[in-house]
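Visitor:
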Amino acid sequence: MSDFPRSLLAASICAALFIPYSYAETAPEGNKQSSVIIGQCRAGDIEPTNQNEQPINVEADKLEAVNGDKATYVGNVVVVQGKKRMTADTVTLHQQDNIVVAEGNVGFDDGEVQAVSDKATNNLNTSQLTLENTNYHFLCQPGRGDAVYVAKTGQALYEIEDGSITSCPDGDNAWRLKASSISIDKNEETATFYNPRMEVLGVPLLYVPYLTVPIGDTRKTGFLYPTFSFGSKNGFELNVPVYWNLAPNYDLQTDLKYMENRGTQLNSHFRYLSDFGSGHINYEYLPKDKEYEDKGERWGFQLTHSGIYNKAWALSLNYAEVSDIDYFSDLGSEIGTRQDGQLTQEASVSYRSTDWDLSLLTRDFQILTTSGNQPYRLMPQVAFNYYAPNLMRYLDFDLISHISRFDTDANGAPSATRIHIEPGIKIPIGATWGNWTTEARLLSTYYQQDLNGVDPSEGYKENVSRDVPEFRSNIGLVLERDTVVLDGYTQTLEPQVQYLYIPKRDQSEIARYDTTLLQTDYYGLFRSRKYSSVDYISPANQISYGAASRFFDDQYKERLNIAFGQIFYLDKSLKDNFNRTSTENSDYSAWAVEMDFNYDDALFYHGGIQYDVDTSSVQLSNSTLEYRQDKGFIQANYRYVTQEYIEDTVGDTLDINTLTEDGISQLGFVAQYNMSPKWQTKALYYYDLTTDNALEWQANLTYLSDCWFIGFTYSRELDGWEPSFQQYPDAKAVYENNLSINIGIIGLGTNMAQSNNLTSNSIGYGRPFSLSN
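In case it helps, mature numbering (1 follows the signal peptide of the UniProt record, and there is no 0) puts the sequence shown at residues -24 to -1, 1 to 749.
1) Return yes when the Cβ of F360 is within less than 8 Å of the Cβ of P351, no when it is not.
2) With S250 as the anchor, note down where its alpha helix (DSSP H) starts and where it stops.
3) Please report the distance separating the alpha-carbon of Y112 from that of E164.
4) Would you mind sorting K654 into buried or exposed? The rule is 16 or more other CB atoms within 10 Å of its CB.
5) Just the C-alpha distance for Q702 and Q278, rounded to the nearest angstrom, thanks.
6) Please state whether DSSP places I739 in a helix, a strand or coil.
7) With the cut-off set at 8 Å, would you say residue 784 and S504 are in Cβ contact?
8) Please report the distance separating the alpha-carbon of V42 from that of T197.
9) Following the continuous alpha helix (DSSP H) through F502, name the residue where it begins and the one where it ends.
10) In or out: A223 buried (at least 16 other Cβ within 10 Å) or exposed?
11) Within 10 angstroms of the Cβ of G178, are there 16 or more other Cβ atoms? Answer buried if so, exposed if not.
12) Give a yes or no on contact between the region 47 to 61 and the region 139 to 154, applying the rule of three or more CB pairs nearer than 8 Å.
13) What does the alpha-carbon distance come out to for the pair K708 and D590?
14) Does the region 482 to 499 come close enough to the region 432 to 447 to have 3 or more Cβ pairs within less than 8 Å?
15) Identify the residues that DSSP records as bridge partners of D374: which are they?
16) Could you compute how far the alpha carbon of G608 sits from the alpha carbon of Y649?
17) Answer yes or no: do Q656 and Y614 have a C-beta to C-beta separation smaller than 8 Å?
18) Given a threshold of 16 other Cβ atoms within 10 Å of its Cβ, counted over all protein chains shown, does P699 qualify as buried or as exposed?
19) May I ask which residues mark the beginning and end of the alpha helix (DSSP H) holding D306?
20) Does chain C have any CB closer than 8 Å to the CB of F204?
21) In the DSSP assignment, what are the bridge partners of Q648?
22) Among all the DSSP beta bridges, which residues are the ones paired with I405?
23) May I have the straight-line CA-CA distance separating G500 from N221, to the nearest angstrom?
24) Can you tell me the Cα-Cα spacing of N215 and F204, whole angstroms?
25) If we call anything under 8 Å between Cβ atoms a contact, is K264 one with G283?
26) Starting from A539, follow its DSSP beta bridges and name the residues at the other end.
27) Helix, strand or coil, according to DSSP, for P432 in the structure here?
28) So for L455, helix, strand or coil by DSSP?
29) Mind checking who D443 pairs with in its DSSP beta bridge?
30) Is the CB-CB distance between L419 and E398 below 8 Å?
31) Looking at V77 and L115, is the spacing between their C-beta atoms short of 8 Å?
32) Taking 8 Å as the threshold (C-beta atoms), are T110 and S93 in contact?
33) Which same chain residues, not among the five before or five after P365, have their C-beta less than 6 Å away from its C-beta?
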């Protein structure tokens, strides 16, 4: 949480500022004290435990003393004790009352704070200290201000009247926080402001009757600094955060967010730490959305937990839910983004030992689209796994098993109980120059499917047993040499060959409950499974082959790597036909190529491509080219997927025609440039080449001073199609435009400058894999 400086106002003017006269002496002429460094942070200097035992030196032009009454140092008075230094025109000790009075240009420097006052009075019996008309300046962090009256009423208690504070440097009065009175308790590390107001260029902008902030490393309950912004969507926005230090192991931050066009939203972020792990709870509540009154109360909730108990128990919880499917589209949220199509509601607990583990898992989803696709709930899954590495020399054994219950709200879809047992043996042989792994597994699965309401034409059966053996042998080498063409570079060649055999089994009687197609790329060529989970085991009788080559400079830093490979089908009938006849298919899969390049830590490239040898065309590709330098970067990225490939891979679960009619072909640019230490600009642009429409573009200009910032952001984002995408090209693209102005202060322990960095409220750092659809 945000911390206030420990030495607020006169908090560093300690009791040793004015010391008993018995310790003072007048320095002889020509022996002026000059060892104390003035105006620099010396918080880390080592000092004795009892600072009052340090020697005290006093310099003055003359000394006037009346025995038993008073002693007055006059002219250029300098008092030095350790790293503390005080100056004044006159310093008078009233011996009978044991009171010291310093007058005229009273200055103080203790390595943490500098202060200048008109008058200072110190009662040496009670350690009470008062300062009049004081200006102060922090030396170890940004911060300065003034006060009409400062009173030190205890060892660590200060009362300040008509005081102010700002993080702006001298001569810059862009903003300041002013209060009628300020109470400081250094023991409790809190500062309490009464009637504080925020002034910008001398104009009061914000007033609250009471404000408490922390002034040390200890977390304290109190207000944090508010933020302001203006947008064409929500209008004027004011966010006032309050931090609640409830206990050493849990705390709460509540944000009162006023949106001119929407209403007032209460956001809460609760964090905790326990013996069972740590987690947080986010809750967002808008009682009435003035923009969408028909949607009633709008809220979002998220609970996450992760932890290990007693070294063996692993606990995990991730539950998120919102009031309606348009929540992320209409409101900014920390729970999710408008690109999220679903929210996960998952909990698991597992016990792990050296040789086995046992786990319990439940999973559900909240769907945020109107596509009608309803995934299955896992309610629950019990899994048991056993591991026996080195069962024999060069022989490992393992057993994977689980019992799962699947339910769904989708009409005409079965529910099921699934029992799966999968023993496997592995022979791993490895060396520094290569490895050879041979593996055999038996996948035995039993289904009890509830077919009430299911169309008989689907072909599902209530009870299904399936046994599928799997055999895989993978061998890889690592060869290395000094390159011939490039002096000082080392090249590796890493060929890899794998044979995979899985016999074909009729699996049409089984619905797919949690099985999806895995990502296809170079590394996917050498997997044993094409699909996740076990509802569909893709048959195979194939040889995968490929190679990777890497180039390292003389510091053994990788500068280039390229990997390429494909699959040779020994049984062509097991190859995905992609809606083509067997005569149109060859014995080979598409070529998969991946490449990364780094030139002089300035020019970077990443790309991947899959080239279909049957149609002599590219199935999918992605590329990113980025140039970096000290003041910023510029990046261009592109991704391409054919309509045919999308339909063949996910067409059975999504209505592709509602999303695209000609595949995906998107081009994007992202850039950031620091024009000067104070001015920064960012820009983002994504364009859909299939519809000839911009997907999104944003531009941001930020001014960052020493104590405040202002950012201007304009965004234009594709929000939908009218009347709908199915009518494309007659449909019209609908865009959401938003202009926002974000203003904040910097310093005094705040991180508000970060609110204008690359976040969802500004410009995102794009990659072709996360382009907006």
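Beta carbons: idealized from backbone N, C-alpha and C, even for Gly.
From a predicted model like this one, the values you see are computed outputs, not experimental measurements.
Guide: In brief:
1) Against a cut-off of 8 Å, the Cβ pair of F360 and P351 comes out as no contact.
2) Segment G239 to S250 is the beta strand (DSSP E) holding S250; no alpha helix (DSSP H) there.
3) Each residue's alpha carbon lies about 22 Å from the other.
4) exposed
5) 34 Å
6) At I739 the pLDDT is 44, less than 50, meaning the model places this residue with poor confidence; the figure from the coordinates comes in the next sentence. Coil at I739, not helix or strand.
7) This structure does not reach residue 784, given that the chain is present from -24 up to 749, and the question cannot be answered.
8) For the pair V42 and T197, the Cα-to-Cα distance works out to about 52 Å.
9) Here F502 belongs to no alpha helix (DSSP H), and DSSP marks it neither H nor E.
10) The residue in question, A223, is exposed, as its Cβ has fewer than 16 Cβ neighbours within 10 Å.
11) exposed
12) no
13) 37 Å
14) yes
15) In the DSSP output, where bridge partners are listed per residue, D374 has Y363 and G400.
16) 4 Å
17) no
18) exposed
19) Y303 to D306
20) Among the chains of the structure shown, chain C does not appear; only one protein chain is present.
21) F609 and K658
22) W412
23) 49 Å
24) 7 Å
25) no
26) A524 and E570
27) helix
28) L455: strand per DSSP, three-state reduction.
29) As DSSP reads the structure, D443 sits in a beta bridge with S420.
30) yes
31) no
32) yes
33) D372, listed in sequence order.
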